[in-house]
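Remarks on the structure that follows.
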Amino acid sequence: MTVEAKRMLIEPQCPEIPIARQCALLGLARSSYYYRPSEPDPYDLVLMRRLDEQYTRTPFYGVPRMTAQLQREGYRVGRKRVRRLMRQMGLQAVYPKPRLSKPAPGHRIFPYLLRTALIEQPDDVWAIDITYVRMHRGFLYLTAVLDWWSRFVLAWRLSPTLEVGFCLEALEGALTHGCPTIFNSDQGSQFTSEAFTGRLEREGIRISMDGRGRVFDNIFVERLWRSVKYEEVYLNEYDSVWMAEDRLARYFEFYNEERIHQSLDYRTPAELYFGGGRPIGPELRSTLKT
40 MTVEAKRMLI
50 EPQCPEIPIA
60 RQCALLGLAR
70 SSYYYRPSEP
80 DPYDLVLMRR
90 LDEQYTRTPF
100 YGVPRMTAQL
110 QREGYRVGRK
120 RVRRLMRQMG
130 LQAVYPKPRL
140 SKPAPGHRIF
150 PYLLRTALIE
160 QPDDVWAIDI
170 TYVRMHRGFL
180 YLTAVLDWWS
190 RFVLAWRLSP
200 TLEVGFCLEA
210 LEGALTHGCP
220 TIFNSDQGSQ
230 FTSEAFTGRL
240 EREGIRISMD
250 GRGRVFDNIF
260 VERLWRSVKY
270 EEVYLNEYDS
280 VWMAEDRLAR
290 YFEFYNEERI
300 HQSLDYRTPA
310 ELYFGGGRPI
320 GPELRSTLKT
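Residues in the sequence shown are numbered consecutively from 40, following the working numbering.
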C-alpha cells in the first residue's frame, strides 16, 4: 500500500484511536501523515498543461521542438525548464535513438517479445503504462493495465508520485481477472524494479519490455491514453483527488462496457474480453500484427 493510500485511511476525528496509534497500526510515520507537499509553481502548471496537450498530439517532439513550439506560442521558457518538466511528467520523445543511459542498479531489462507473439485470445498479452493527469491545481499520475486482445482495462490507479507502489496495486487488481502469458511495459524504473518483475515471475508470466524511446511498441496503451485525455481529462477540471478518481472510474466503466471500437468490429472491450476470444473480423487481426 502506498504512503498516500495509508494517509487516506487515517481518521483524524476518531476519539477511540489517536492519530499516532492509527499511524503505528498502518506502518505510517507520523511525519508522513502530517506532511503536506509544497504548492507547485503556478507557471510550471500552465506549461505542463500545454506540454501534455502538445505531447498527446505530437509524441515525437523532443525537448528542442517542444521548447520552440512553446516559444512560438508566446511562452517564456527555455530548454532546461522544458526538460525538467517533461522528465517530471514522464514524457519522452518517441523515435529510435542510441541507448544513452543504463538501468538503475539491480534493475533488469527484458527483451521485447511482441514482434513474434501470437495474440489470439484474452490474456495472451497484458500491457501497463503511466500517464500524466492534470488537475485544477497540481497533477496526478495514472497507470492502467490493458488486455491487448480486447483493449479491456483490467485495473487502474492514481498517485501523486511516481513510486512503484501504485503500479503494483494496479497489477494486483488486474490479476484478480486472470493471468497473462506475456506482460509488456516500458523500461521505466517502476516496471524494472525487483518488486514489480519479481511479482510477475512468481506468477510464471513472461516479461516483455519496449525498446527505449519506442512508444509504439506499446501502441494500444498509447491509444488508450489519447482516448482518456480527449474524451475525459481535457473536458473536465478536477478540484481534488477524489473528484479525479470518481470521474475516471466512470470513464473507464464507460470505456469497457459501452464504448464501441471500430477496430473491435464495433464491439466493446468487455464483450470481447469476457466473450472468451470469439472470432473477430480481419481488421482487428491485421491490427494485432502491427
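Every residue gets a Cβ at the ideal spot worked out from N, C-alpha and C, and that includes glycine.
Cβ neighbours of residue i in the same chain (closer than 7 Å, five flanking residues each side left out)
i, result
"K268", "T95"
"D225", "D168, M248, D249, N257"
"N275", "R286"
"V203", "Q229, S232, A234, F235"
Boundaries (first-last residue) of the alpha helix (DSSP H) holding residue i
i, result
"T106", "102 to 111"
"M87", "81 to 96"
"V267", "258 to 270"
"A209", "204 to 214"
"R241", "233 to 241"
Endpoints, beta strand (DSSP E) assigned at residue i
i, result
"R196", "192 to 198"
"I58", "Taken as a continuous stretch (DSSP letters only), I58 belongs to no beta strand (DSSP E), being part of the alpha helix (DSSP H) at 58 to 65."
"I246", "245 to 248"
Reduced DSSP secondary structure (H/G/I, E/B, other) of residue i
i, result
"D285", "helix"
"V280", "helix"
"V116", "coil"
"N223", "strand"
"F178", "strand"
"A156", "coil"
"R298", "coil"
"L185", "strand"
Euclidean distance between Cα positions of residue i and residue j
i, j, result
"Y351", "Q131", "Because the chain in this structure spans residues 40 to 329, residue 351 falls outside the shown range and cannot be described."
"R196", "A213", "11 Å"
"Q127", "G117", "16 Å"
"D278", "Y171", "16 Å"
"E159", "W188", "7 Å"
"I148", "E208", "21 Å"
"S140", "F235", "The predicted model places S140 with a pLDDT of 38, which falls under 50 and marks its position as unreliable, so this point remains unresolved."
"P57", "P51", "8 Å"
"L48", "L65", "9 Å"
"V121", "R176", "19 Å"
"C53", "C62", "13 Å"
"Y60", "L201", "A quick correction: the sequence has Arg, not Tyr, at residue 60. Cα to Cα, the separation comes out at about 28 Å."
"R111", "T155", "43 Å"
Which residues DSSP lists as bridging residue i, in chain order
i, result
"M125", "Paired residue(s): none; M125 is not in a bridge."
"I169", "T182"
"R306", "H300"
Contacts around residue i, its chain only, beta-carbon distance under 8 Å, and the 5 residues preceding and following it disregarded
i, result
"A288", "none"
"P150", "S247, M248"
"A283", "V172, M174, L179, L197, Y277"
"L311", "P161, W188, S189, R190, F191, L303, R317, I319"
Proximal residues to residue i (C-beta, below 6 Å), its chain only, five neighbours per side dropped
i, result
"L181", "T170, V172, L197"
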